[in-house]
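Numbering (UniProt numbering), first residue to last: 1 to 533. Even for Gly, the Cβ is constructed at its ideal location relative to N, Cα and C. All values reported here derive from a predicted model rather than from experimental measurement.
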């Protein structure tokens, strides 16, 4: 097999007893459970045999399983069988039943791969296969079949932060190319570097960083359940502390969340952390500085914090900062940015601090605008997907002449990529563009009464122009609600020259996607329906 998963058999021959995937079961028995390269190869082959009893090549198999080694086996076994994997999540994941139902119906799977109660209220598939009950003896019956780079490997459903989930068609070539690109960006070393993560395996970043990257160089991946991270975020740091050469990643909120709950850990040593990719949502300068100040005393190198950019339509990874340099934060003229011009801040007016996402690895990026202007980010490379599943109209709009139209706005400054926001999320008031993440950052910093990372800014129709609404969750540092609202309004007026309606809500009220991003459009809809009254 001249594709990435063909390397699994290679590692099974060359380093059969080396650990491949390790699950730290903090929510179960508290132990680490490991599959070696020989074991993962054997289990994937066995599952491929079982799958081919009920599926033809090209059929879909939905993975409805919790975070576990079985999830890894399910993903790789489907790839071996040339069955199109559909990485979803357990029906028991709270708050995402509608998204799961939509993605499941769109994929129309022939089989379901699980490791427990499988489909919940979802329509039954032709076959339900509990991965943990498939006998390894079936592996002897498997005969390798040719897999071409253009063959469809899996459907990656988008998080739905700005639209109904859509299945991105990821080929075996996309899968292998992006794994190699990310592995290079991490500066990983063959058979030495370790991936230590908590990201959900159904999410694009979790899938590529945890499952795919280790296959590139015969490395080990150690991972935990995202719920275990949320319950005790320092588990993440302690896991990193166990290894001398380790890389990891997470969305911006996770770095804030962990820094705020660090306490004074004893025996923590983060000197072995090679790279911490910060992506999946806008990277805030305040987060970078706060996280560094908290963990640098424990050996964390400032340059290990690596802001990045990616999206499902590019498999996941597009660009990242250099791992031998601290994150670059550049001040731009806010008023010029509002007009779509890239002008470094010169000391007059108001500055807008932006974090560089570095340079692309193994792909091309350009801005659909004149030089020196903000525009839509376009991406081209072997990692770019070919289409959306069963949506030719949307595919023609987004995948254009070999270029991916990302829907994200950004700029190139001194050769590096800066992300300014989503086109559909722009707040346009009196003809001026305002980026919601900048407004949300202002709200975060305005008062301790605002829960960090739980603010949504969006526009609604006014009498003559759009008006700004900011929905913010209240933090534990409870104070008079009107005092908090007044502080947020004043800060937004001062920093953005905007009048805002500020709505303070209880913790958990601001909707998020299954990957943890603020779902602004869902929040806007809830506001319009009176859910926050």
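Residue i classed as buried or exposed, judged by whether at least 16 other C-beta atoms fall within 10 angstroms
{"i": "residue 480", "result": "exposed"}
{"i": "residue 45", "result": "buried"}
{"i": "residue 165", "result": "buried"}
{"i": "residue 533", "result": "exposed"}
{"i": "residue 411", "result": "buried"}
{"i": "residue 230", "result": "exposed"}
{"i": "residue 528", "result": "exposed"}
{"i": "residue 476", "result": "exposed"}
{"i": "residue 161", "result": "Below a pLDDT of 50, predicted positions are generally treated as unreliable, and residue 161, at 48, falls in that range; no measurement from the model is reported."}
{"i": "residue 126", "result": "exposed"}
{"i": "residue 8", "result": "buried"}
{"i": "residue 150", "result": "exposed"}
{"i": "residue 13", "result": "exposed"}
{"i": "residue 530", "result": "exposed"}
{"i": "residue 517", "result": "buried"}
{"i": "residue 313", "result": "buried"}
{"i": "residue 280", "result": "buried"}
{"i": "residue 271", "result": "exposed"}
{"i": "residue 40", "result": "buried"}
{"i": "residue 33", "result": "exposed"}
{"i": "residue 346", "result": "exposed"}
Local conformation of residue i per DSSP, three classes
{"i": "residue 8", "result": "helix"}
{"i": "residue 572", "result": "Residue numbering for the chain in the displayed model covers 1 to 533; residue 572 lies beyond these limits and cannot be assessed."}
{"i": "residue 238", "result": "helix"}
{"i": "residue 56", "result": "coil"}
{"i": "residue 413", "result": "strand"}
{"i": "residue 476", "result": "coil"}
{"i": "residue 507", "result": "coil"}
{"i": "residue 407", "result": "strand"}
{"i": "residue 112", "result": "strand"}
{"i": "residue 173", "result": "helix"}
{"i": "residue 162", "result": "Caution applies to residue 162, whose pLDDT of 47 falls short of 50 and renders its modelled position unreliable; the value that the coordinates give is listed next. Residue 162 falls in the coil class under three-state DSSP."}
{"i": "residue 462", "result": "coil"}
{"i": "residue 206", "result": "helix"}
{"i": "residue 273", "result": "strand"}
{"i": "residue 428", "result": "strand"}
{"i": "residue 47", "result": "helix"}
{"i": "residue 192", "result": "coil"}
{"i": "residue 418", "result": "strand"}
{"i": "residue 501", "result": "strand"}
{"i": "residue 185", "result": "helix"}
{"i": "residue 452", "result": "strand"}
{"i": "residue 264", "result": "coil"}
{"i": "residue 243", "result": "coil"}
Delimiting residues of the beta strand (DSSP E) encompassing residue i
{"i": "residue 32", "result": "32-36"}
{"i": "residue 540", "result": "It is not possible to answer for residue 540, since the shown part of the chain is limited to 1 through 533."}
{"i": "residue 19", "result": "19-24"}
{"i": "residue 229", "result": "Note, residue 229: premise wrong, no beta strand (DSSP E); alpha helix (DSSP H) at 226-231."}
{"i": "residue 129", "result": "127-130"}
{"i": "residue 87", "result": "84-87"}
CB contact flag (residue i, residue j, <9 Å)
{"i": "residue 170", "j": "residue 2", "result": "no"}
{"i": "residue 57", "j": "residue 86", "result": "no"}
{"i": "residue 583", "j": "residue 155", "result": "Residue 583 lies beyond the stretch modelled for the chain, which goes from 1 to 533, so this question has no answer here."}
{"i": "residue 278", "j": "residue 250", "result": "yes"}
{"i": "residue 64", "j": "residue 138", "result": "no"}
{"i": "residue 204", "j": "residue 310", "result": "yes"}
{"i": "residue 510", "j": "residue 488", "result": "no"}
{"i": "residue 24", "j": "residue 224", "result": "yes"}
{"i": "residue 26", "j": "residue 232", "result": "yes"}
{"i": "residue 375", "j": "residue 363", "result": "no"}
{"i": "residue 302", "j": "residue 320", "result": "no"}
{"i": "residue 78", "j": "residue 84", "result": "yes"}
{"i": "residue 298", "j": "residue 241", "result": "yes"}
{"i": "residue 337", "j": "residue 352", "result": "yes"}
{"i": "residue 505", "j": "residue 474", "result": "yes"}
Residue range of the unbroken alpha helix (DSSP H) whose run includes residue i
{"i": "residue 253", "result": "252-260"}
{"i": "residue 436", "result": "436-446"}
{"i": "residue 534", "result": "With the chain represented from 1 up to 533, any question about residue 534 goes unanswered, as that position is not in the structure."}
{"i": "residue 103", "result": "97-107"}
{"i": "residue 495", "result": "481-496"}
{"i": "residue 215", "result": "213-217"}
{"i": "residue 534", "result": "In the structure as shown, the chain begins at 1 and stops at 533. Residue 534 is therefore absent and cannot be evaluated."}
{"i": "residue 527", "result": "520-528"}
{"i": "residue 393", "result": "392-398"}
The ligand ZN heavy atom lying under 8 Å from the CB of residue i
{"i": "residue 6", "result": "No copy of the ligand ZN appears in this structure; indeed no ligand is present at all."}
Beta carbon proximity, residue i to chain B, threshold 9 Å
{"i": "residue 103", "result": "Reference to chain B is not applicable here, since this structure consists of a single protein chain."}
What are the start and end residues of each continuous alpha helix (DSSP H) run of 4 or more residues lying completely inside the stretch 303-388, in chain order?
334-338
In chain order, each beta strand (DSSP E) run of at least 3 residues that lies wholly inside the stretch 134-162:
152-157
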